[in-house]
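Input: a single structure, listed below in structure tokens.
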Amino acid sequence: MSKDELAKAYDPRDVEARWYAFWEEQGFFRADPGSGKPPFAIVIPPPNVTGSLHIGHAFTLTLQDVIVRWKRMQGFDTLWLPGLDHAGIATQMVVERQLAREGRRKEDLGREGFDRRVRAWKEESGGKILNQLRLMGFSLDWDRERYTMDPGFVRAVREVFVSLYEQGLIYRGQYIVNWCPRCGTALSDLEVETEPVAGQLWYIRYPEAGGGEGVVVATTRPETMLGDTAVAVHPDDQRYRDLVGKRVVLPIMGREIPVMADAFVDREFGTGAVKITPAHDPNDFQAAQRLGLPAIDIMDERAVLNQNAGKYAGRDRFEARQEIVEQLQREGLLVKTTPHQVPLGHCQRCHTIVEPRLSLQWYMKMAPLAEPAIRALEDGRTAFVPARWAKTYFEWMRNIRDWCVSRQLWWGHRIPAWTCANAHTTVAREDPPACATCGNRQLAQDTDVLDTWFSSGLFPFVTLGWPEKTRELARYYPNDVMMTGFDIIFFWVARMMMLGLRFMGEAPFRTVFINGLVRDDEGEKMSKTKGNDADPLDLIARHGTDAVRFTLTALAAAGTDPSLAEERLVGYKAFVNKLWNASRFTLMNLEGERAASYRFADLPQPSRWILSRMQAAAAEVDAALAEYRFDVAASVLYHFVWDELCDWYIEIAKTYLADPARAPVARAVLLEALETTLRLLHPILPFVTEEIWQRLPHEGPSIMVAPYPRPDPSRVDAGAEREMEALRRLVTAIRTLRATYEVEPRRRIDLTLVAPDGGGVASAQRELVRSLARLERFDIVRGAADLPQTIKQPVDGMEIRIAMAGLFDLAAERARLGREREKIEAEADGLRRRLEKPQFVARAKPAVVAESREKLAALQARRGQIDRLLEEMGAA
RNA sequence: AGGCGCGUGGCUCAGUGGUAGAGCGCUUCCUUGACACGGAAGAGGUCGGUGGUUCAAUUCCACCCGCGCCUACCA
């Protein structure tokens, strides 16, 4: 196939692989701090090292690439920085599963061996997703790729941890945490997903010490009673007034515990008496601190009951529950059982029911960090798009609780804290040789690692070299925008805000763009577990990357969750093909010539029209992208290409190209329109636009570094646009008549246009009308006298008259005109009624009144025309 | 419990204080040298319900119904 010949249908597989490699080799993805261009910076939300590309990545990153390619073409020094997250708990699970298949546990390898294993796994398959990002065409600066476990991050994480510790913002303490017994680690509040579970409420009698009925407590978790250290009632609760201060006997254990009063008790719930289990319930823990009660921990890290549980030691928590209930029943202490919906926390990773557990953990004090992060939004240094997400952000920030940052995992950043033989703690940037307090040299490093989000929260500045004061840091921080899904506003965005403000003194980004979550065609959130996830790689294989990208872009309306319906994708694949064929037509007609030069003002009206419309499209796309209205940008381009460039201008150009005198200029206009359109489309459709662009006469090495079209006001021609609209109305009206009377599309017919004013554009573009409407004779007359029997159709104050022997159907035409008259009448009635109301004329905006009047006049004129035609036909 | 969002043609979704748009689907005709992943012409909606504000409401407000999501220590 020669250079200018394109295949009849676009085949993305032929094209896509080549260009990505080309772009990367040419270094077009690279940011250039020394370029002298204004910077534009954004970081990728680093995918998990365990991850593979799913539709959510494809969606948010397509939008990011659209912005990045757009900015790059606009002349910005653009940095889009890629990275991977080490994903502590997720990665550990993956590697543990791998070991399990080999019949081994991580303990068999030991901590260091396991660490090596994880690192080896990352080298081998961890970067899989990064190659998938290449398939999507994303223009990431791979030279600056980072990993949240790389040496720079290790150093930075220590620096941050130690600084915060020194500032009193990181502390260690014994509190109730969310504990996942399967993962064997503490979780932050955010890593717990609360879901209502159908449970029961057990009413259990605690007899009074030394006899007496005692008190009945209601609990959803009877197994925790083994660790009860009190029963609490509301201080004003008359029912229990006499019991307060007395002691009751804890069933099964036989321990005596006090009945105490505390206002936290809800008198309405259950019996109004609540058992207090300080070691296994956050409320009870707080109550116990107020009331000075001891805590008895009855479970181990796997949620198996321990020696404090008496004879139930060694039982799993749910097994124990069953047996305890049975024992209570046997002993007549189970008063009743009622069904009860309980909100239960589940581990975000493995969905195990979380156990509230008393343990020693590291915490980050959040209130002092949140305060500046709230202010940054309040005073507009950072803004959310869509703005309503700020509300969600504020809500969380203002009620923020301290962040448990330690995890009992093996994979992650080790906490830089050491304990000496004398139990002193040393927290240090470098591994200390001796205890900072007593000089003891027997130091053991804390075995915990940090929550993954601790390091990802540093992403915007650590990736630029922090804590070094690099040129990149000065140039690209703060980022211009952060684009991500709402599901990680708290996990990630909020923490970047707090840590960025703390360590850089400036918010990490000016704009936070929040995209929706991709749903399936039934509106369900796509997920692997539901099996309804669209695999982007599969979609790419079947429809091409560009079609996938265009679809995702077109679906990205502000603040909505897009539903990915495959039919829509098929439609946009057709669009890519349409563009391909428009290009094919243009290339076929270039005939190897360079385009002729021309002056805009000298162009024929239709050519001025298409170039003028193109300015409008460019302006609209620009405005849309500037406010992240990706759907609008996609829609504008779709309709410009299909409805205006292809359906009209290319059809018009065909008549010009057939005329040797007009062909060179027509080729030039066509070429300009196509080339500009390709540049407008490139951010969304990088591959097909590059493939075509490279075959056109062009300057520069690649469309991706060509300038983005700016609307040129000198090429806006309102007159040409108006007249072409009139021409389109005329041609469409003729086509409608042809279709109504089932004239074969290829047949040329004779037509007379009755135009008292001479016909305007129809007269000026007579040849065009002939070709577009497939006319043989096309006469324009000023009066309708002496015409033979014809079909008549009013348009723009003129009349179309078609003589068609054999096809003329008076009744059909009357009916058609009658229907049209009805529509006009209905609309005119509405307008008339409105205009008759004095309040409307008095209060509505004058422009609206005037517009209504004009519209009504036009409708009346048209109705008059139809009435006249109907009358004539009646007479005929 | 609080907060947020959604309900527009068969489906998936835009949109607007002045009687509604797109893609796909559907109907009719057409394999005309860019494209049948195409062309031409059409049909199809009382914009969830009820009130209110307004000259005017699908668009603003209130309530209701249905759906989804987020936050939350009710044992």
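Reading the first sequence from the start, the letters are residues 143 to 1018 in this note's numbering.
Idealized CB from N, CA, C, for every residue including glycine.
Predicted, not measured: the structure shown is a model, and the values here were computed from it.
Classify residue i as helix, strand or coil using the three-state DSSP reduction.
i, result
"residue 169", "coil"
"residue 791", "helix"
"residue 935", "strand"
"residue 181", "strand"
"residue 280", "coil"
"residue 144", "Note that residue 144 scores 44 on pLDDT, short of 50, meaning its location in the model is unreliable and no value can be drawn from it."
"residue 586", "strand"
"residue 648", "coil"
"residue 765", "helix"
"residue 305", "helix"
"residue 395", "coil"
"residue 837", "coil"
"residue 745", "coil"
"residue 781", "helix"
"residue 447", "strand"
"residue 357", "strand"
"residue 825", "coil"
"residue 202", "helix"
"residue 314", "strand"
DSSP puts residue i in a beta bridge; with which residues?
i, result
"residue 375", "403, 415"
"residue 288", "225"
"residue 655", "527, 625"
"residue 498", "320"
"residue 920", "893"
"residue 350", "390"
"residue 336", "487"
"residue 327", "322"
"residue 481", "342"
"residue 592", "548"
Buried or exposed: which applies to residue i, given that a residue is buried once 16 or more other Cβ atoms fall within 10 Å of its Cβ?
i, result
"residue 370", "buried"
"residue 616", "exposed"
"residue 657", "buried"
"residue 274", "buried"
"residue 781", "exposed"
"residue 754", "buried"
"residue 562", "buried"
"residue 749", "buried"
"residue 211", "buried"
"residue 654", "buried"
"residue 406", "exposed"
"residue 419", "buried"
"residue 128", "The chain is shown only over 143 to 1018; residue 128 falls outside these bounds and no answer can be derived."
"residue 843", "exposed"
"residue 339", "exposed"
Is residue j closer than 8 Å to residue i when the C-beta atoms are compared?
i, j, result
"residue 784", "residue 717", "yes"
"residue 1033", "residue 527", "Within the shown structure, residues of the chain are numbered from 143 to 1018, placing residue 1033 beyond reach of any answer."
"residue 476", "residue 312", "no"
"residue 742", "residue 821", "no"
"residue 725", "residue 834", "yes"
"residue 457", "residue 447", "yes"
"residue 220", "residue 691", "no"
"residue 638", "residue 599", "yes"
"residue 424", "residue 542", "no"
"residue 279", "residue 632", "no"
"residue 849", "residue 215", "yes"
"residue 126", "residue 826", "The question about residue 126 has no answer here: the residues shown for the chain are numbered 143 through 1018."
"residue 585", "residue 568", "yes"
"residue 315", "residue 505", "yes"
"residue 466", "residue 364", "yes"
"residue 185", "residue 226", "no"
"residue 390", "residue 357", "yes"
Is residue i near the ligand SAM, going by C-beta to nearest heavy atom under 7 Å?
i, result
"residue 578", "The ligand SAM is absent from the structure shown, which contains no ligand whatsoever."
Check whether the region 419–429 and the region 350–360 touch, using three or more Cβ-Cβ pairs below 8 Å as the test. Proximity of the region 419–429 to the region 350–360 falls short of the contact definition, fewer than three beta-carbon pairs being nearer than 8 Å.
(Q) For the region 537–556 against the region 574–582, do three or more pairs of beta-carbon atoms, one drawn from each stretch, fall closer than 8 Å, so that the two count as touching? (A) Under the three-pair Cβ rule at 8 Å, the region 537–556 does not count as touching the region 574–582.
* Decide yes or no for the touch test of the region 904–917 against the region 869–882: beta carbon pairs closer than 8 Å, at least 3 of them. => The region 904–917, when compared against the region 869–882, does touch it at the 8 Å Cβ threshold.
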